[in-house]
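In this note's numbering, each number is its position in the first sequence, counted from 1, plus 434. Remarks on the structure that follows.
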Amino acid sequence: MRASRFFLNTQKEAPQEAELISHRLMLRAGLIKRLGSGLYTWMPLGLRVLRKVEAIVREEMNNAGALELLMPAVQPKELWEETGRWAVFGPQMLKIKDRHDRDFCFGPTHEEVITDLARREIKSYKQLPLNFYQVQTKFRDEIRPRFGVMRAREFLMKDAYSFHTDLTSLEQTYETMYQAYSNVFTRLGLKFRAVRADTGAIGGDGSHEFHVLADSGEDALAYCPTSDYAANVELAEGLPTVSVRPAATEAMHEVETPKQTTCEQVAALLGIDVTRTVKSIALVANGKFYLLLLRGDHSLNEIKVGKIDGLQDFRFASEEEIRTHLNCPPGFIGPVAVSQNVIIVADKTVAVMSDFVCGANKPKYHLAGVNFGRDLPEALVVADIRNVVTGDPSPDGKGTLELCRGIEVGHIFQLRTKYAQAMEATYLDENGQKQIMEMGCYGIGVSRIVGAAIEQGNDERGIIFPASMAPFQVAIAPIGFDKSEEVKAEALHLYKQLQELGVDVLLDDRGERPGVMFAEMELMGIPHRVVIGERGLKESTVEYQGRTDASAQTVGLKDIVSKLQSVL
RNA sequence: CGGGGCGUAGCGCAGCCUGGUAGCGUACUUGCAUGGGGUGCAAGGGGUCGCAAGUUCAAAUCUUGCCGUCCCGACCA
């Protein structure tokens, strides 16, 4: 590509709408333009990147035996009512009407459409297993779009759906897809991690997320450096560091805490570690009042709470409700001597604590030396309701957990029969009997990957694209292209040679000053640069510099092609 | 949806408090110079000051309402 015939428009300053580094760089490099909240045009430069990601995803899907198809983006309401998700997805779904006043949505995902297809087209066990995929624009009316293409409302997704006669077959394809996803992210040159995950709104059983590791990621991940355990913090099991509760050594006693309402403050006042304290969180669900107990330094995991029987639709109690049930304002509440109507749920770690400090249900007082069995009954429910922290035991018993942050770019699910059952997707088995299909589904956020990659690869000069997704592999920067016939001739010659070798090359033939060319090439993240100038040509040399190299190296004019081939 | 910003030229901003000729940087156009890190000088083009009502002789500026957009929380590829 010759720069004079392309559309480059880089900017020195990023629009104030962008906060995140990858978003700013995408706007500055001219990869994308915003049309509205969460809506972006992929400019020619950005689209080259997106297409490269897409191509790798396609190749790996095809290698994994998946078959590409393309479903409509617009879907009829009736299908969504069959699975009950017209209501479940709610306002996150963009709902539209046609001229006959019939309801449709712009697809946020395609389980319903593909399951409808499967029930119509798949008749026999002989046709299974099957795995269909598409690369398509999705629309989700996010509560808060942000971070540019990382959480856009309209975005490009690869979604695959597999159909099986039985769980074993599903597990095989799931494993194949797990490997295919690992291949995709490896080939893309990203630092990533696969973690066990919660299934969320999609539903189903087994599930893994693939995360690009980045400090700005929205998800917290827990992993064990000495084993292969890794899980989203939403799911990672929080275990106590001790298995047996130590014996009580203190008598329960009141301590005055006039202004101390948080565990940190109370611990500071008493001169003890915050891990000796217990905090009480009041919830209401189905008209019942719950008191959840967490160690002072731990935080509540609302997803885990929602999985406890009776707490599916919980909400935090209001101040009035807390006063009504505990006869005490928030800040001093605790589990000791509470009414029968208060249901105590203790985190597993709290359940093995002794001699702890908690609220006294009396304004300006806490209790110390509190012990289960003696000062209060054993908790009715003991469950894992907290977020894991660094140093927790790994659930596989092979070490301790570390935390990091990630950007979710892929998610695979064993859906089992959730959709097939609801929509009666059946096949005939060897005995001519109708059977419900087993299903899997597998998503990759193609457009999100571009943002995530930039989040992982950038410096003060701009984007550092992995070679696999850079808009151009090589940039040629001729100094004085419009002035020196010699420079022009050599630049065009190299350009032609590289093109013939199939290299994606950008020739800056605009006659720009070197500073401009260098700054733009670096901002755009082009991995390799060749500088051709009269100065070097006198010695029959040019300069080569990799995007992350500290300085340029002089290369003989006759050697530059092989030099490039060695680094590409 | 709750909390907090911001809307003035393509982009970044000043002007608003204290009403009276719409400004700066950059980008763009042209000329000259320059030619190895967003070069210099000069001359240009480009704005219904988010929208609508109101106050006023007069509104970018004051008042009210609306809209858009970004940031912090709950949703997700």
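The C-beta atom is built at its ideal place from N, Cα and C for all residues, glycine as well.
Whole-number beta carbon distance between residue j and residue i, since they are thought to touch under 8 angstroms
i    : j    : result
D747 : N720 : 7 angstroms
P542 : R574 : 4 angstroms
F790 : R710 : 6 angstroms
E946 : V965 : At roughly 13 angstroms, the Cβ-Cβ gap does not stay under 8 angstroms, so E946 and V965 are not in contact.
S661 : D830 : 5 angstroms
V939 : Q979 : With 8 angstroms as the limit, V939 and Q979 do not qualify as a contact, their Cβ atoms being about 15 angstroms apart.
R944 : S471 : That pair is no contact at about 35 angstroms.
D781 : D818 : 7 angstroms
M584 : A886 : 7 angstroms
I490 : W476 : Actually they are not in contact, since the Cβ atoms of I490 and W476 sit about 17 angstroms apart, beyond 8 angstroms.
V522 : V884 : Their Cβ separation, rounded to whole angstroms, is 30 angstroms, which puts V522 and V884 out of contact at 8 angstroms.
Limits of the beta strand (DSSP E) - the one that residue i falls within
i     : result
K446  : Taken as a continuous stretch (DSSP letters only), K446 belongs to no beta strand (DSSP E), as it is neither H nor E.
M873  : E872 to G879
Y978  : T975 to G980
E643  : S641 to L647
V964  : H962 to I966
I1004 : With the chain covering 435 to 1002 only, the question about residue 1004 has no answer from this structure.
Nonlocal neighbours in the same chain, by C-beta distance under 7 angstroms from residue i, ignoring five residues either side
i    : result
M955 : A909, A911 and R963
E494 : A614, N617 and V618
L528 : C539, F540, F573 and D575
D600 : E872
For residue i, the residue or residues it bridges with in DSSP
i     : result
W520  : For W520, which the question treats as bridged, DSSP gives no partner whatsoever.
C539  : Q509 and K529
K722  : A719
R850  : M873
F899  : Bridge partners of F899: none, in fact.
L835  : The partner list for L835 (beta bridge, DSSP) is empty, contrary to what the question assumes.
H1024 : A query on residue 1024 cannot be resolved here, the shown segment of the chain reaching from 435 to 1002 and no further.
Q568  : D593
F915  : Looking at the DSSP assignment, F915 forms no beta bridge with any residue, so it has no partner.
S714  : L727
C658  : Beta-bridge pairing links C658 to no other residue.
F626  : V646
7 angstroms Cβ cutoff met for residue i and residue j
i    : j    : result
P674 : V786 : yes
G967 : I913 : yes
V629 : A594 : no
R729 : T783 : yes
Y724 : I777 : yes
I556 : Y876 : no
E668 : I737 : yes
V487 : M958 : no
V590 : S788 : In the sequence under discussion, the amino acid at residue 590 is Leu, which differs from the Val named in the question. No, Cβ-Cβ distance for L590 and S788 is not below 7 angstroms.
Y474 : A552 : no
I870 : A463 : no
V718 : A751 : yes
L734 : I715 : yes
N443 : A500 : no
Closer than 6 angstroms: residue i CB and nearest the ligand NAD heavy atom
i    : result
T660 : Absent from the structure shown: the ligand NAD. Ligands present: none.
Enclosing alpha helix (DSSP H) for residue i [first to last residue]
i    : result
H759 : E753 to L760
L562 : Looking at the DSSP string, L562 is not in any alpha helix (DSSP H), and its letter there is neither H nor E.
H534 : No alpha helix (DSSP H) holds H534; DSSP gives it neither H nor E.
T549 : E545 to E555
N617 : L601 to R621
E736 : E736 to V739
I490 : P478 to N497
L704 : C697 to L704
Neighbourhood of residue i by C-beta, 6 angstroms cutoff - its chain only, sequence neighbours within 5 removed
i    : result
E842 : E643, H645 and D653
H457 : F581 and G582
A452 : R458 and L461
V689 : H800 and A802
A656 : A665, V667, A670, V822, L835 and L837
Other residues of its chain near residue i: CB distance less than 8 angstroms, five sequence neighbours each side excluded
i    : result
E546 : Q509, L513, W514, E516, T517, R519, Y853 and M857
M505 : G541, H544, V547, I548, L551, Q568 and Q570
H687 : L801, A802 and G803
I455 : S650, I888, E889 and N892
L935 : V995 and Q999
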